[in-house]
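Trainee: Got a structure for you, written out below as C-alpha cells; questions coming shortly.
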Amino acid sequence: MSKSAAAFEQAQRYLSGGVNSPVRSFQSIGGTPPFIQRGAGAYLKDIDGRRYLDFCLSWGVHILGHNPPAVVRAVRRTLADGLSFGAPTELETRLAKLIISAIPSLEKIRFVNSGTEAAMSALKLARYYTGRRKIVMLEGGYHGHAEYSEVLRAPFNDRTALEKIFARHKNKIAALIVEPVPANMGVVLPEAGYLAFLRELTAAAKTVLIFDEVITGFRLGWGGAQNYFGVVPDLTCLGKIIGGGLPAAAYGGKRELMSLVAPEGPVYQAGTLSGNPLAMSAGLAVLQELQKPQTYQALQKNTEYFFTELAKHLPPDVRLNHLGAMFTLFFTKTKVRDYRGAQTSDVKKFARFYHKLLRSGIYFSPAQFEADFISARHTPADLKRTLTAILAAV
Ligand code: PLP
C-alpha cells in the first residue's frame with residue numbers, strides 16, 4: 267500500500283470523508299488522492315516521493331506557481347511580527363488600495379476569509395440595499411456552500427429564460443450573482459454580448475449585479491473578467507489569488523453600497539481573522555508580481571501555444587473550453603455553453619483519462635466539472651510534455 271493510501275485510510279477515521287473539502291477525496295473519479303508533502307514552482311511532490319506537474323494549483327490560487335520566492339519572503343517578514351492581532355494593520359490598506367487600482371468598479375472593499383463569505387456578504391448587502399429577498403443564480407454556477415433561500419435559476423447564456431424570470435418577479439429580485447466566466451461546471455465562455463445583457467437587464471430592474479470573480483479575478487489579467495469583457499458590475503467577489511495561498515477573499519463595489527456595511531452602515535459583517543496580516547502580505551506580494559506587465563505577457567504566450575496545439579489535435583469527441591490561463595476538457599461532441607451541455611460529458615471517460623495523466627506525473631483538478639489552471643512557472647517544455655500526455659491519454 268502506498269503511503270498516500272495509508273494516509274487516506276487514517277484521514278477517513280478522523281475527518282469527514284477523509285478531507286476538508288469534498289472534491290479532494292477523488293470521489294467522482296475513483297482511486298485515492300495523493301497526499302501532498304510540498305509544492306515548488308509548477309510541481310507538487312507527494313508523501314511517496316512522486317512528482318506531479320500541477321494544473322490544479324490549489325484550485326486556481328497559485329498563478330505564480332507554488333511558493334514564489336517573493337511571496338515567501340514577504341510572509342516570513344510579516345510572520346516575525348506576529349500572526350494575528352484583531353486590530354487594523356497597514357497591510358490591509360495597502361492590499362485594498364492595490365486591488366482597487368486594478369479593478370475600476372471597486373471604490374471600497376471588505377476583506378473576508380473565503381469566497382463563500384465574500385458571496386454571502388455581497389448577497390446580504392444587496393438584499394439590504396434593495397429591500398428585496400430573491401436572488402438569481404445561473405445553473406452550474408458556484409458561489410460557495412452557504413444556504414440561500416428564495417433562489418431562482420436560469421441556464422447560463424440563455425437570455426430568454428432570464429427575461430422571463432425578471433418579468434415574473436418584477437421588483438422582487440435583489441441580486442443576480444454570476445461567475446462572468448463560469449469555471450465550476452468546467453470552464454464555459456459567455457457568448458458575445460451576454461454579460462452586457464446581464465448588465466442591462468439588472469440595471470433596468472434595479473437589481474444588484476454581482477460578479478463572482480473568485481476564480482477570474484487576477485486570472486483573466488489585471489482587472490479580471492469585468493475588465494476583459496468591459497462590463498461593470500455593482501459588486502464584485504474576489505478570493506483565491508488575492509490571498510496568495512493563505513485564507514483571504516473580499517467583496518466590494520461602489521461607495522454607495524459599501525458604506526452600508528458595518529461600522530459605516532447597518533449591514534453587519536465581521537471576522538476574527540479577516541484581513542489577517544500573513545494573508546495580506548502574501549496577497550500583496552502576488553499582486554505586486556502580477557502588476558509587472560511581463561508576468562501576464564509570459565503566461566499568455568505560453569498558454570496560447572498550448573491551447574492552439576491542443577485544439578488542433580484533439581479528437582472530435584473531446585471539447586476544449588479555455589480562456590486566459592484556465593481550461594477544461596469535456597468528453598462530449600456537444601459544444602459546451604451551459605450546465606446541460608457540460609452534463610453531456612462522459613465522466614467515466616474523464617476518470618480513465620484523469621488516472622492516465624496522473625500516472626504520467628500530471629495532476630489535473632480531480633473532477634470533470636472543474637477548471638484546470640496554468641501558472642507563470644509552467645515552462646514551454648512542461649506544456650509540451652502535457653500536450654503529448656493529453657493526446658496519448660484521450
Ligand atoms: N465562488 C467561486 C466562483 C468559486 O470558484 C469558489 C470556490 O471555488 C467560491 C466562490 C467559494 O470560495 P471558497 O472555497 O474560498 O469558500
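When we follow the working numbering, the leftmost residue of the sequence shown carries the number 267, and every step to the right adds one. Every residue, glycine too, gets a C-beta built ideally from N, C-alpha and C.
Below 8 Å, how does it come out for the stretch 371–385 and the stretch 531–547: are there three or more Cβ pairs, yes or no?
Mentor: yes
Trainee: Start and end of the beta strand (DSSP E) containing Asn587?
Mentor: 585–589
Trainee: Once DSSP output is grouped into helix, strand and coil, what is the label at Arg419?
Mentor: strand
Trainee: Counting along the chain, where does the alpha helix (DSSP H) carrying Lys614 start and finish?
Mentor: It spans 613–625 - the alpha helix (DSSP H) in which Lys614 sits, taken as one unbroken run.
Trainee: Assuming contact is defined by CB atoms lying nearer than 8 Å, are Leu345 and Leu586 in contact in what I supplied?
Mentor: No, Cβ-Cβ distance for Leu345 and Leu586 is not below 8 Å.
Trainee: What first and last residue would you give for the alpha helix (DSSP H) that runs through Val444?
Mentor: Per DSSP, Val444 belongs to no alpha helix (DSSP H); it is in the beta strand (DSSP E), 439–444.
Trainee: In angstroms, rounded to a whole number, what distance separates the CA positions of Ala440 and Phe432?
Mentor: 11 Å
Trainee: Where DSSP assigns a beta bridge to Thr502, which residues make up the other side?
Mentor: Paired residue(s): Phe477, Gly518.
Trainee: Taking the C-alpha atoms as reference points, what is the distance between Tyr494 and Ser350?
Mentor: 35 Å
Trainee: Take Arg419 and list the residues in its own chain whose beta-carbon comes closer than 8 Å to its own, dropping the five residues that flank it on each side.
Mentor: Val402, Met403, Leu404, Glu405
Trainee: Contact between the stretch 616–623 and the stretch 280–288: three or more CB pairs below 8 Å?
Mentor: no
Trainee: Identify whether Tyr571 lies in helix, strand or coil by the three-state DSSP scheme.
Mentor: helix
Trainee: Go ahead and label Ala577 buried or exposed: buried means 16 or more other beta carbons lie within 10 angstroms of its beta carbon, across all protein chains shown.
Mentor: exposed
Trainee: Since Phe463 and Arg425 should fall inside the 8 Å C-beta cutoff, what is the C-beta to C-beta distance between them, to a whole number of angstroms?
Mentor: The pair is a contact, with the Cβ atoms about 6 Å apart (cut-off 8 Å).
Trainee: With three or more C-beta pairs closer than 8 Å as the rule, is the stretch 355–374 touching the stretch 508–524?
Mentor: Flag = yes, the stretch 508–524 and the stretch 355–374 touch.
Trainee: Taking just the CA atoms, how far does Leu523 sit from Leu391?
Mentor: 8 Å
Trainee: Exposed or buried, what is Ala429 when buried is set at 16 or more other beta-carbons lying within 10 Å of its beta-carbon?
Mentor: Note that residue 429 is Glu in the sequence shown, not Ala. It is exposed - the Cβ of Glu429 has fewer than 16 other Cβ atoms within 10 Å.
Trainee: So the beta strand (DSSP E) Gly381 belongs to, where does it begin and stop?
Mentor: From DSSP, Gly381 is part of no beta strand (DSSP E) but of the alpha helix (DSSP H) over 381–396.
Trainee: Which residue marks the beginning of the beta strand (DSSP E) containing Gly305, and which one marks its end?
Mentor: Bounds of the beta strand (DSSP E) holding Gly305 are 302–306.
Trainee: With respect to the alpha helix (DSSP H) encompassing Met592, which residues constitute its N-terminal and C-terminal limits?
Mentor: That residue, Met592, is in no alpha helix (DSSP H); its beta strand (DSSP E) goes 592–596.
Trainee: If you drop the 5 nearest sequence neighbours on each side, which residues of the same chain put their C-beta closer than 8 Å to that of Phe292?
Mentor: Thr298, Pro299, Pro632
Trainee: For His588, count neighbouring C-beta atoms within 10 Å of its own C-beta (all shown protein chains included) and say buried if the count is 16 or more, exposed if not.
Mentor: buried
Trainee: Taking the alpha carbon of Cys322 as the point to measure from, which residue in Asp638, Ile656, Lys650, Thr645 has its own alpha carbon closest?
Mentor: Asp638
Trainee: What number of angstroms, rounded off, separates the C-alpha of Ile656 from the C-alpha of Leu623?
Mentor: Cα to Cα, Ile656 sits roughly 7 Å from Leu623.
Trainee: Per DSSP, Met403 is paired with what?
Mentor: Arg419, Ile443
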